[in-house]
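J.: Please see the structure below; I have some questions.
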Amino acid sequence: MIAISHARAAKPQRKVDRASHPEDTVIDLGGGVKIGGGHFQVIAGPCSVEGDNLLTIAARCKAAGATLLRGGAYKPRTSPYDHQGMGERGLDLLLEARAQTGMPIVSEVMDTRDVELFVNRGIDVMQIGARNAQNFALLKEVGRTKTPVLLKRGMASTLEELLMAAEYIMSEGNERVILCERGIRTFETATRNTFDLNAIPALHHLTHLPVAADPSHATGCARYVGPMALAACAAGADALEIEVHDDPANAWSDGPQALTCDEFDTTMERIRAIRSAISSPRGE
Ligand code: PEP
Ligand code: MN
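Heads up: the sequence shown begins at 1 in UniProt numbering, then just goes up one per residue.
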């Protein structure tokens, strides 16, 4: 019998694995805003940047206790006929909101050709959306920058694929990656996606990177966002990303899942209650 050997060169040590870095990675965004290793932050704001209402929403999110502002200037839309984002003008508005509130800003980059623009404008965190979770060219491009990356799980990505996507970024030199569970596609149709809360403790076990959770895209329905934000918090999320709008019924994108500013106030109060009730959700 001929022995067939599948032996290859030893697997390289992956940067993403907890084995290569036993301590939690803490991502420091300046101004006292840190994510990971016990530091918890809430990222809030509209799905799309739409105009001056961003400034109103930003002020309300900050007053409620959010510490980072999100808003999409480049939007991945299922239909090419839907609003595609304000582009550079949207980035300008985010920078204006940052100047007014002091909150670091998070915005999605969709194209390798825009990465330099995001870096030059000083966007604090580049988001890679679920639809680009395995866009390896884009992952490598953001990996060549020093800007922290919020990497969303693809809608059909396993945790291993999510970790490998992070590895693409880290292997290029940028080790400041925040993973984000945002729901996966399953047979269930009553909600936009199925929130995989298992991902939170499982990722904390497998990797040292901070783990964020996005109950807005995970549920697709504003009335489920509050309860699932609390659940993600209790499961040990290092950050939450929540869509908030001053007028959800007229939002340019994702209105049905946006909390009003008042609803966000209440949700933040409850998040604080969960945080103080569960001082160490990972049971350490
Ligand atoms: C978003 O954050 O608005 C977004 C498009 O998210 P996702 O990539 O998770 O769908
Ligand atoms: Mn959205």
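Using N, Cα and C, we set each Cβ at its ideal position, and we do this for glycine too.
Using the C-alpha atoms, what's the distance from Lys-146 back to Ala-222?
T.: Working through the sequence shown from its first residue, we reach residue 222 at position 222. Working through the sequence shown from its first residue, we reach residue 146 at position 146. So the alpha carbons of these two residues sit roughly 34 Å apart.
J.: How close, in whole Å, do the beta carbons of Thr-191 and Tyr-224 come, if the pair is a contact with beta carbons under 8 Å?
T.: Along the sequence shown, one-based indexing puts residue 191 at 191. Along the sequence shown, one-based indexing puts residue 224 at 224. At roughly 7 Å, the Cβ-Cβ gap stays under 8 Å, so Thr-191 and Tyr-224 are in contact.
J.: Among Ala-165, Asp-114 and Val-149, which has the Cα closest to the Cα of Ala-156?
T.: Mapped onto the sequence shown, residue 156 falls at position 156. Among Ala-165, Asp-114 and Val-149, the Cα nearest to that of Ala-156 is on Ala-165.
J.: Just to check, is the beta-carbon of Ala-130 closer than 7 Å to a non-hydrogen atom of the ligand PEP?
T.: Numbered from its first residue, the sequence shown carries residue 130 at position 130. Yes.
J.: Does the Cβ-Cβ distance between Val-244 and Gly-45 come in under 8 Å?
T.: Indexing the sequence shown from 1 puts residue 244 at position 244. Indexing the sequence shown from 1 puts residue 45 at position 45. Yes, these two residues count as a Cβ contact at 8 Å.
J.: Are there any heavy atoms of the ligand MN lying less than 7 Å away from the beta-carbon of His-245, as far as the coordinates show?
T.: On the sequence shown, position 245 is the one that residue 245 refers to. His-245 Cβ: outside cutoff for every heavy atom of the ligand MN.
J.: Just how far apart, CA to CA, sit Leu-206 and Arg-60?
T.: Stepping through the sequence shown from its first residue, residue 206 is reached at position 206. Stepping through the sequence shown from its first residue, residue 60 is reached at position 60. Each residue's alpha carbon lies about 36 Å from the other.
J.: Ordered along the chain, which non-local residues of its own chain (more than five positions away) have a Cβ less than 6 Å from that of Asp-17?
T.: The count along the sequence shown starts at 1 and reaches residue 17 at position 17. Same-chain partners within the cutoff: there are none.
J.: Counting pairs of Cβ atoms below 8 Å between the segment 269 to 276 and the segment 94 to 113, do you hit three or more?
T.: no
J.: Just to check my reading of the structure: Asp-124 and Leu-55 have Cβ atoms closer than 8 Å, yes? What is that Cβ distance to the nearest angstrom?
T.: Taking the sequence shown and counting its residues from 1, the one referred to as residue 124 is at position 124. Taking the sequence shown and counting its residues from 1, the one referred to as residue 55 is at position 55. That pair is no contact at about 17 Å.
J.: Would you grab the beta carbon distance between Ala-232 and Leu-197 for me? Rounded to a whole angstrom, and I think it's under 8 Å.
T.: Residue mapping note: residue 232 aligns to position 232 of the sequence shown, counting from 1. Residue mapping note: residue 197 aligns to position 197 of the sequence shown, counting from 1. Contact holds; Cβ gap of about 7 Å.
J.: Alpha carbon to alpha carbon, how far is Asp-246 from Glu-263? Give it in angstroms, no decimals.
T.: By one-based count along the sequence shown, residue 263 stands at place 263. By one-based count along the sequence shown, residue 246 stands at place 246. Their Cα atoms are separated by approximately 10 Å.
J.: Starting from Lys-152, trace the beta strand (DSSP E) both ways and give me its first and last residue.
T.: For the purposes of this step, residue 152 is taken as residue 152 along the sequence shown, with counting starting at 1. Where Lys-152 is concerned, the enclosing beta strand (DSSP E) stretches over 149 to 152.
J.: The ligand MN and His-217: does any heavy atom of the ligand fall closer than 7 Å to the residue's C-beta?
T.: The sequence position of residue 217 within the sequence shown is 217, counting from 1. It does: the Cβ of His-217 is within 7 Å (strictly closer) of some heavy atom of the ligand MN.
J.: Following a CB-centred definition, is Ser-98 positioned closer than 7 Å to any heavy atom of the ligand PEP?
T.: As a working mapping, residue 98 is identified with position 98 in the sequence shown. Note on identity: in this sequence residue 98 is Arg, with Ser being the wrong assignment. Not under cutoff, so the answer is no.
J.: The ligand PEP and Cys-47: does any heavy atom of the ligand fall closer than 7 Å to the residue's C-beta?
T.: On the sequence shown, position 47 is the one that residue 47 refers to. Yes, the ligand PEP has a heavy atom inside 7 Å of this Cβ.
J.: I need the boundaries of the alpha helix (DSSP H) containing Gly-226, first residue and last residue.
T.: Position 226 of the sequence shown holds residue 226. From DSSP, the alpha helix (DSSP H) with Gly-226 extends over 222 to 234.
J.: Sort Asp-92, Gly-129, Val-142 and Ala-99 by Cα distance to Glu-116 and report the nearest one.
T.: Against the sequence shown, residue 116 aligns to sequence position 116. Comparing Cα positions, the closest option is Val-142.
J.: Put Asp-214 into one of helix, strand or coil per three-state DSSP.
T.: Residue mapping note: residue 214 aligns to position 214 of the sequence shown, counting from 1. Three-state DSSP puts Asp-214 in coil, outside helix and strand.
J.: Which residue comes first and which comes last in the alpha helix (DSSP H) that contains Gly-143?
T.: If you number the sequence shown from 1, residue 143 lands on position 143. Note, Gly-143: alpha helix (DSSP H), 136 to 143.
J.: Taking Asp-265 as the reference, give the member of Gly-129, Ala-237, Ala-229 and Phe-40 with the closest Cα.
T.: For this step, residue 265 is matched to residue 265 along the sequence shown. Looking at the Cα atoms, Ala-229 is the closest of the given residues.
J.: Please confirm whether any heavy atom of the ligand PEP lies closer than 7 Å to the CB of Glu-108.
T.: The residue given as residue 108 occupies position 108 in the sequence shown. Yes, Cβ of Glu-108 sits closer than 7 Å to a heavy atom of the ligand PEP.
J.: Determine the direct distance from the alpha carbon of Val-119 to that of Pro-148, and round the result to whole angstroms.
T.: Taking the sequence shown and counting its residues from 1, one reaches residue 148 at position 148. Taking the sequence shown and counting its residues from 1, one reaches residue 119 at position 119. It is roughly 10 Å from the alpha-carbon of Pro-148 to the alpha-carbon of Val-119.
J.: Helix, strand or coil, according to DSSP, for Gln-100 in the structure here?
T.: Stepping through the sequence shown from its first residue, residue 100 is reached at position 100. In the structure shown, Gln-100 sits in a helix (DSSP, three-state: H, G or I).
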